[in-house]
Structure formats: C-alpha cells, structure tokens
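Numbering (numbering that gives the first Met the number 0), first residue to last: 0 to 275.
Glycine is no exception: its CB is placed at the ideal position from the N, C-alpha and C atoms.
First up is the structure itself, then whatever we jot down about it.
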Amino acid sequence: MVVDVTNDETKDSTQVRLRAGDAELTVDPRHGCRLTSLRVAGVELLRQGAKYGAFPMVPWCGRIELGQFRNGGERHQMPVNSGPHAIHGTGRDTAWRTVGANDGEQTAAFTYDLADPWPYSGRVTQLVELTADSLTLTMGVETYDNSFPAQAGWHPWFRRNLGTGKDVEVAFDAGWQEERGDDHLPTGRRIAPLPGPWDDCFGMPDGVDVTLTWPGALELKVASRAEWVVIYDEQDEAVCVEPQSGPPNGLNTLPRLVTPIDPLEISTTWTWRPLA
C-alpha cells in the first residue's frame, strides 16, 4: 500500500530509510535525492561524503559543451561548473519532495519541479524500490508546457575496496566506445572499447550490463534498458558505473525531446549476491 505524504512538510527534511532483508538504503531528498548509503549485510557499498553516494543526473547527464544547448532556434546557457562546461544536471543540487512511502519501508517516491536555471517547466520523479538482493531506480521527466530536450541517469560512487583486501573488478562488453576528446567531450567517432582507466562513455545496444566484483566479498550487477553507460575509475577510492539515457553532450548531439505525450523514463536495477 502506498501512503501519500505529499502535504507532510516534515518529510522534506527527513532522510528516508528503506530496509529489506539485510539490505539498508538511505535517501536524502533535500540533498538532490541522493542515495547517501547502501549497506548489504552491514557493509557500506557507496563512497561516503557530501559529493558522493549516488545521485540522479537530470535534466542532462555528463557535460554540455560550454554549458550551451539549443532547442529549435533558441539557445540556452546553463551555469558552467566543470571547466568551461556544465556537468551532471541541476537535480543533484535541488531539494526534492518525498511524495510517497510504503508501510513495508521498501519503496519511496520523490519529485521536484524543474526551475531556473533550466528554461522549461516540468516535473522530475524518482521511484526507489529495495528488495533483499536488489535496488531498482526509476526516473521520469515530463513537461508542463513546451517540448524540450532532456536526459536522465545516475552517478553512483561504488567503493573500490570493501575492506576485503582486494579491489573491485569491473567487467562489461560494450558495442563501442565514444571517442573522448581533450575537452572530455565525445568527438562523434565510435571506436572499439579501450582498456582502462576510464572516464568514458560506452554504447550497449542491448542495454547496460556491467558487473562489479569484490573478490571474496560481493558481486553486483548494474543493468538498464538504456543504451549508454559512463565508466569512471580514475580515483583511488571509488569507481562509477553511470547508466544514462544518452551520451555526454547529448542535448546537442543526440537530443531526445520530452513532449506532453511522450515523457522521458529510464530505470536501472542493481542486483547483488554474496561471494563469501
């Protein structure tokens, strides 16, 4: 049973905690609807810290070149926050509302209204569903008025080492890699996947399928029907596996319009199993 808590103002300032079996998840709606903790059998899987955990990327993913994109004849400027570019959307810097929670403490829903500096009106929702061995995240973007290009995805920071003495291993089979230019944007060329380390976007036409293995501890699979994933493993503390609805700078190179009759929806499921 879903309980509507839309008008409960106290929910806005409260972290939401979900539990299923020995899995525990914490969501902070006031801090960009960020997943601040995912613990399995008492072991924290996400890097801790205000910038980390796992956050939604919306209404765009990765970098927008020079922070600018066009919609028809209109050019829009987003605030730059990664060198000369704008990165990872505005949703991670926005306070979301908790609009639903269930009596079993395994499901929660969140939303926020698109606003400045994003130039179009609309609503973003995120549904979080936890089971004993999986987490499913679903995000939707809808417009209240005019059509606009948008993207959505997630940026999880998985701990490189869970304290077992062995670092995580990342395995995937991509159809291609987006060639990355010196400006960290795709050049438009698709190349054969290269060995890491990566800060790169890969195409998976049959859907995202990436396996993280902490030897002797845990295996976790990141899956999505989306065709795009960014892998980032250039930090000592964490690795990122980011399923998303389009490539970096996609608002310019591969725009996906959100219209009144065609909202954008994307989901990802993380499934884990113990190896110990």
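Taking the alpha carbon of residue i as the reference point, which residue from the options has its own alpha carbon closest?
{"i": "Glu241", "options": "Gly206, Val98, Ala94", "result": "Gly206"}
{"i": "Ser244", "options": "Asp182, Pro148, Arg16", "result": "Pro148"}
{"i": "His154", "options": "Cys60, Glu23, Glu233", "result": "Cys60"}
{"i": "Gly152", "options": "Val123, Val169, Lys165", "result": "Val123"}
{"i": "Pro214", "options": "Asp232, Phe109, Val228, Asp166", "result": "Asp166"}
{"i": "Asn251", "options": "Val238, Ala85, Leu161, Glu23", "result": "Ala85"}
{"i": "Asn248", "options": "His87, Glu43, Thr210", "result": "His87"}
{"i": "Val238", "options": "Ser120, Glu104, Val209, Ala40", "result": "Val209"}
{"i": "Phe157", "options": "Asp172, Thr212, Arg224", "result": "Thr212"}
{"i": "Val229", "options": "Arg62, Arg18, Glu128", "result": "Arg62"}
{"i": "Gly90", "options": "Glu104, Phe109, Gln105", "result": "Phe109"}
{"i": "Met203", "options": "Ala216, Asp181, Ser223", "result": "Ser223"}
{"i": "Ala100", "options": "Val79, Val42, Val26", "result": "Val26"}
{"i": "Pro262", "options": "Glu218, Asp172, Gln150", "result": "Gln150"}
{"i": "Pro192", "options": "Gly180, Asp172, Asp181, Asp235", "result": "Asp172"}
{"i": "Thr106", "options": "Lys220, Ala22, Phe201, Leu219", "result": "Ala22"}
{"i": "His75", "options": "Ser81, Gly41, Gly66", "result": "Gly66"}
{"i": "Ala131", "options": "Gln125, Asp235, Glu104", "result": "Glu104"}
Could you give the first and the last residue of the continuous beta strand (DSSP E) run that contains residue i?
{"i": "Ser36", "result": "33-39"}
{"i": "Glu23", "result": "22-27"}
{"i": "Arg291", "result": "Any property of residue 291 remains undetermined from this structure, which presents the chain solely from 0 to 275."}
{"i": "Gly152", "result": "152-158"}
{"i": "Trp213", "result": "207-213"}
{"i": "Arg16", "result": "15-19"}
Opposite residue i in the DSSP bridges: which residues?
{"i": "Thr130", "result": "Ser133"}
{"i": "Gly202", "result": "Trp175, Trp227"}
{"i": "Gln67", "result": "Gln76"}
{"i": "Gly88", "result": "Val57"}
{"i": "Gln125", "result": "Phe109, Met138"}
{"i": "Asp181", "result": "Beta-bridge pairing links Asp181 to no other residue."}
{"i": "Asp261", "result": "Thr258"}
{"i": "Glu43", "result": "Arg38"}
{"i": "Arg277", "result": "In the structure as shown, the chain begins at 0 and stops at 275. Residue 277 is therefore absent and cannot be evaluated."}
{"i": "Val169", "result": "Leu211"}
{"i": "Trp271", "result": "Leu219"}
Sorry if obvious, but does the Cβ on residue i come closer than 7 Å to a heavy atom of the ligand FAD?
{"i": "Gly20", "result": "Because no ligand of any kind appears in the structure shown, any question about the ligand FAD cannot be addressed here."}
Please give the ranges of any alpha helix (DSSP H) in the segment 223-255, keeping only runs that are unbroken, at least 4 residues long and fully inside the region.
Within the segment 223-255, complete alpha helix (DSSP H) segments of at least 4 residues are found at 249-252, given in chain order.
Pairing CB atoms from the segment 102-120 with CB atoms from the segment 130-150, are three or more of them under 8 Å?
Touching, yes.
Spell out a yes or no on whether the segment 26-34 and the segment 91-105 are touching, meaning 3 or more CB-CB pairs, one atom from each, closer than 8 Å.
Because the criterion of three Cβ pairs below 8 Å is met, the segment 26-34 and the segment 91-105 touch.
Pairs of beta-carbons, one from the segment 197-205 and one from the segment 175-183, closer than 8 Å: are there three or more?
Counting Cβ pairs under 8 Å, three or more are found: they touch.
Check whether the segment 68-81 and the segment 40-51 touch, using three or more Cβ-Cβ pairs below 8 Å as the test.
Segments in contact, no.
Does the count of Cβ pairs from the segment 120-140 and the segment 264-271 closer than 8 Å reach three?
These segments touch.
Evaluate contact between the segment 253-265 and the segment 179-193, counting only Cβ atoms and requiring at least three cross-stretch pairs below 8 Å.
Not touching, per the Cβ criterion.
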